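Chemist:
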Amino acid sequence: MFLLKQWGSRALLPIMLAALAVLAYERQWLLSIDYLLYDSAQQWRKPTVLTDSVIIAIDEQSIASIGRWPWSRDVHAQLINQLYDSGSKAVYFDVLFSDASISSEDLALAAAIDRHGQVILPMTIEPLGDQGQLIEVVPAMTFYEPAKAIGHAHINCDFDGVCRSLYLREGVGQPRWPHLSAALWPFTQNTVGARALPAERLSALLIYRDFHNFIPFSPADNVPKISYIDVLEGRIPTNFLAGKTIFIGATAAGVHDILTTPVGRLPGVEITALIYHHLYQGTLIQLYEGRLSALLLGALLVLFLAGISVLSSSKLLLGVSALLLVESSVAFYLLVVWNRWLPVAPLLMATLLFYPLWSWLRLELAMRYLKRSLLTHQRKSPPSIRLVEHFNVQPSKPHWLVASDTVALTIEQLEAISLKQEVSYNLLQQSMSGLQEGCIIFSNQGCCFLVNTLATAWLPRWHSESIFDIEHSLNIHVESWAALIHDTFNQQETLCCAAEALVPDQAGLLASYFLQLQHCKIQLEGKSKPVTVGVLTLTDISELKASERLREETLNFISHDLRSPLVSIISLIKHHREMFTVNDQDDHALTDLLAKIERYANRNLAYSESLLQLNRAEQLSVNQAVLCDLLAVCEDAYEQVLPFAREHHCPLICEFDEHEFWLDGDYELLQRAVVNLLTNAVKYGASTRGVILSLALTAAHANSAQPQQEGVNDSGGELIALTVQDFGIGMTLAQQAHAFERFTRDASASEGAGLGLYFIKTVVQNHFGQLQLRSEPNAGCIITCLFPLKKLTFMD
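Quick note: the sequence shown uses my numbering, first residue 386, plus one each step.
Listed below in structure tokens is the structure:
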């Protein structure tokens, strides 16, 4: 729709100019220019060479020898007899014999005409008196009857006095008389020439013409001419005239039969000879006329003008000049080579008018846009523009146009706004360069609009403008980078992934990055819908990962290197008890001391063990998970905690549903988490009602993303509910708010590092589970762990 509207606006001016050209074509408003172009083209026509026609000229030499014109008709009779004896083909007289003369002379000429049998005589149309009535002047009856045919010798001269065309048939009342050159032509509907429109009623007072043709002329036309007196006195060989078509007419200036043509002044008889040649050769010029031709030319003009309208201002003049050259060349070629005349002046006029009019329209549209943009920028200035205005940033030089010119003033004002926009953009670019993260803004097609300095420095091998090519500069930890880019525009949440550089830094280490992708909508001026762009943020986490590694090493040192001496201390104390017995007071004191040392060593050993297990839980990844039976995990944990529960006189009750409880996870971590739950419940909630450990299935209220494994299907939204319930002192709301935080423990507890519940929370979250706590003071606690159920296909 937009494309149709755009081309419709471009074609409006060409359509108007084409309509003007069609109207000028039909009304012949530019006919004088067309005639000028027509005459110019005739100068380049190849010469016409007549080989089977000869003009016998009534020239000055013949008049000087025979006497004053008109001559005795005996002279013409003698010439016709000589032509008959020489074997001439036909004789066309361009001399009018309308009046009777001396009887003997007329009879002699009539006898010669009859003897030859192929003599064609002319007729003419003249006004009768001053009334304007027209009459047809034909040869006298003495010559009319023996003549082979009668034809008019009229050549059509235009308003400028130049003779360019003829009508092959014309006459008063009806076009009955053929042209002299076409007197023997067999007229049919296919005869060349533009046909006259049929008249409803014919008037006996008017001239009617038909079969209009234009005459080809060339400055170098070669029509053989011989003098009348030379033939009459036998100076021309007889075989020269044998088989030739003879044209007899005046060429002497005093006879008044000289006409103006596009190539100069020519005798009428020579024009008749040329018409005869072109008629029988089929090379008379035809005019393209009629409404269909005009409409076709108008349609072509619309296409051409609409085509060059897309050119820039600097190329439009060249396009118009080229179109003028093409139009003129085509018209010239048609006329000179194909004998078809296309009046091209209306097309040239429309093409010439197109350039200034289209340039004016462009200037008007440009001025409207400049003024509208100027008003918009003045009305809606971003804060960065105000900063630029504060420092009074102005163009370095005034515009070269006169200051009073409207265009120049508008351009100067817009130039100042553009400068401020440029400075504002530089501020934005510098602000982005100052960010501590790499930032890339891109389209949904992957084309990058804005890249800050840090992103460029971190991606030295990325020389493309496409966001998809970044994977050639980073080792991105995703299955498909292109799919992740497309998902950025289809999902609301921020997408994240990790990556490493492909090229090590100066220290020989590979930098690590954290990538975040999200899309945002920007409302632009003139857009009905907001534009969606993608934002890629790169964060260098190399130092963070280094500190994480240092933390892991520290934890390993605490958990392993400090654990060994503690185990040794405990072993030595046990060995001492086995080897020695207590006999006196001093031995009792030593025994108490060793017991305290053992208790403290066991406590520190428990701390290190908790840190070790917590570190394992925090480092748990999807790739390390295996298929686990949570029922077996709970049974093992029950067996481990049962002695502890008996020491505290707390019954330990198991309530397991008759279902399968499979999930992907780490068996040891899950077991330790259940042990921690049960131990805490016994420690802080021991009562005669005991502690209840239950397993059941429940419907899921939220989807959990889980990796698919071969042979394992999602359970259709079911969750495993692992619940531990005690009936002890319970928790207040304040205690519940911090229960699962690191290093949090009850004030009454004398032992423990406060990592038990935090460890449980870490294990549950890393198994894509949820943790729920319900408790009231003196009403016990209910802790529920929800895990996604995995259903084995071979169990269906």
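Using N, Cα and C, we set each Cβ at its ideal position, and we do this for glycine too. Quick caveat: nothing in here was measured; it's all calculated off a predicted structure.
#1: How many angstroms separate the CA atom of A406 from the CA atom of A449?
#2: Among residues of its own chain, excluding the 5 on either side of W429, which ones have a beta-carbon nearer than 7 Å to its beta-carbon?
#3: Using C-beta distances below 6 Å, list every residue in its chain close to Q1093, excluding the 5 sequence neighbours before and after it, in chain order.
#4: On a Cα-Cα basis, can you pick out the residue from L978, S566 and L1048 that is closest to I631?
#5: Taking DSSP as the reference, what is the three-state secondary structure of S457?
#6: So, is A931 buried or exposed, given that buried needs 16 or more other C-beta atoms within 10 angstroms?
#7: Keeping to the same chain, check which residues put their C-beta closer than 6 Å to that of S1079; ignore five residues upstream and five downstream.
#8: Just mark M353 as buried or exposed, buried being the case when its beta carbon has 16 or more other beta carbons within 10 Å.
#9: Is DSSP giving N541 helix, strand or coil here?
#10: What residue range does the beta strand (DSSP E) around A1084 cover?
#11: May I have the straight-line CA-CA distance separating I870 from F853, to the nearest angstrom?
#12: Which residue's Cα is closest to the Cα of P583: L569, A568 and G558?
#13: Thinking C-alpha only, which one of F827, A525, A635 and I656 is nearest T645?
#14: Taking Q876 as the reference, give the member of I926, T917 and P741 with the closest Cα.
#15: Measure the alpha-carbon distance for G1075 versus D1049 and round it to whole angstroms.
#16: By a C-beta neighbour count over all protein chains shown, 10 Å radius and 16 as the cutoff for buried, is N1098 buried or exposed?
#17: With a CB to CB cut of under 6 Å and the five nearest residues on each side skipped, what residues in its chain are close to A403?
#18: Consult DSSP for A1134 and reduce its assignment to one of helix, strand or coil.
#19: When the Cα atoms are used, what is the spatial distance from Q1110 to C881?
#20: Please confirm whether E1024 and T922 have their CB atoms less than 7 Å apart.
#21: Quick one: complete beta strand (DSSP E) runs, 3+ long, within the region 654 to 681?
#22: If you follow the alpha helix (DSSP H) that K1068 is in, where does it begin and where does it stop?
#23: Might you give, ordered along the chain, the residues of its own chain that have their beta carbon closer than 8 Å to the beta carbon of S1100, omitting 5 neighbours on each side?
#24: How is P432 classed by DSSP in three states: helix, strand or coil?
#25: Suppose the cutoff is 8 Å on Cβ atoms and the five residues either side in sequence are ignored; what does the same chain contact list for L1016 look like?
#26: Consult DSSP for W414 and reduce its assignment to one of helix, strand or coil.
#27: Under 7 Å between the Cβ atoms of P375 and A409?
#28: Counting only beta-carbon separations shorter than 7 Å, does S858 have a partner in chain E?
#29: Going by C-alpha distance, which of T924, D1051, H1034 and L553 is nearest C1013?
#30: Is the Cβ-Cβ distance between F599 and I670 less than 7 Å?
#31: Report the partner residues of A751 according to the DSSP bridge assignment.
#32: CB-CB under 6 Å to L839, same chain, minus the five flanking residues each way: which ones, in chain order?
#33: With distance defined between alpha-carbon atoms, name the residue in T576, Y754, G653 and V729 nearest to T668.
#34: Report the rounded CA-to-CA distance for L887 versus F1144, giving the unit in angstroms.
#35: Who are T1160's beta bridge partners in DSSP?
#36: Taking C-beta to C-beta, are A532 and L494 nearer than 7 Å?
Modeler: According to the structure data:
#1: Taking the straight line from one Cα to the other gives about 55 Å.
#2: Once the five neighbours on either side are set aside, the close Cβ partners of W429 are V721.
#3: Any answer about Q1093 is weak, because its pLDDT of 34 lies below 50 and its placement is not dependable; what the coordinates show is given next. Here the set comprises nothing.
#4: Nearest C-alpha to I631: S566.
#5: Note: S457 maps to coil in three-state DSSP.
#6: Exposed, by the Cβ-count rule.
#7: Its chain contains E1040 and T1108 as the residues whose beta carbon lies nearer than 6 Å to that of S1079, once the 5 sequence neighbours on both sides are disregarded; these appear in chain order.
#8: One cannot answer for residue 353 here, as it falls past the ends of the chain, which runs 386 to 1181.
#9: Judged by DSSP in its simplified three-state form, N541 adopts strand.
#10: Segment V1076 to A1084, the beta strand (DSSP E) holding A1084.
#11: The straight-line gap from Cα to Cα measures roughly 8 Å.
#12: Considering only alpha carbons, the answer is G558.
#13: Comparing alpha-carbon positions, the option among F827, A525, A635 and I656 lying closest to T645 turns out to be I656.
#14: When C-alpha distances from Q876 are compared across I926, T917 and P741, the shortest belongs to T917.
#15: Rounded to whole angstroms, G1075 to D1049 spans 30 Å at the Cα level.
#16: With a pLDDT of 39 at N1098, under the threshold of 50, the modelled position of this residue cannot be trusted; read the value that follows with caution. The residue in question, N1098, is exposed, as its Cβ has fewer than 16 Cβ neighbours within 10 Å.
#17: Taking A403 as the centre and dropping the five residues before and after it, the same chain places the C-beta of G683, L686 and V687 closer than 6 Å to its C-beta, in chain order.
#18: Bear in mind that the predicted position of A1134 carries a pLDDT of just 49, short of 50, making it unreliable; the figure below should be weighed with that in mind. Three-state DSSP puts A1134 in coil, outside helix and strand.
#19: If I take the Cα positions, the gap works out to 38 Å.
#20: Not in contact: E1024 and T922 (Cβ atoms no closer than 7 Å).
#21: Entirely contained in the region 654 to 681, not one beta strand (DSSP E) run reaches 3 residues.
#22: That run of the alpha helix (DSSP H) goes Y1052 to G1070.
#23: Confidence is the limiting factor: at S1100 the pLDDT is only 48, short of 50, which leaves the residue's position unreliable and the question unanswerable from this model.
#24: Secondary structure at P432: coil, using DSSP grouped into helix, strand and coil.
#25: So the qualifying residues of the chain are F1041, E1045, F1046 and L1080.
#26: Three-state result, W414: coil.
#27: In the structure as shown, the chain begins at 386 and stops at 1181. Residue 375 is therefore absent and cannot be evaluated.
#28: No chain E is present in this structure, which holds just one protein chain.
#29: Closest by alpha carbon: D1051.
#30: For F599 and I670, yes; Cβs fall inside 7 Å.
#31: Partner(s): none; A751 has no beta bridge.
#32: The answer, listed in chain order, is G823.
#33: Between T668 and the set T576, Y754, G653 and V729, the nearest pair of CA atoms involves T576.
#34: One C-alpha to the other measures close to 36 Å.
#35: The residue you asked about is not Thr; residue 1160 is Ser in the sequence shown. Under DSSP, S1160 forms a beta bridge with C1166.
#36: Taking C-beta atoms as the reference points, A532 and L494 fail to come closer than 7 Å.
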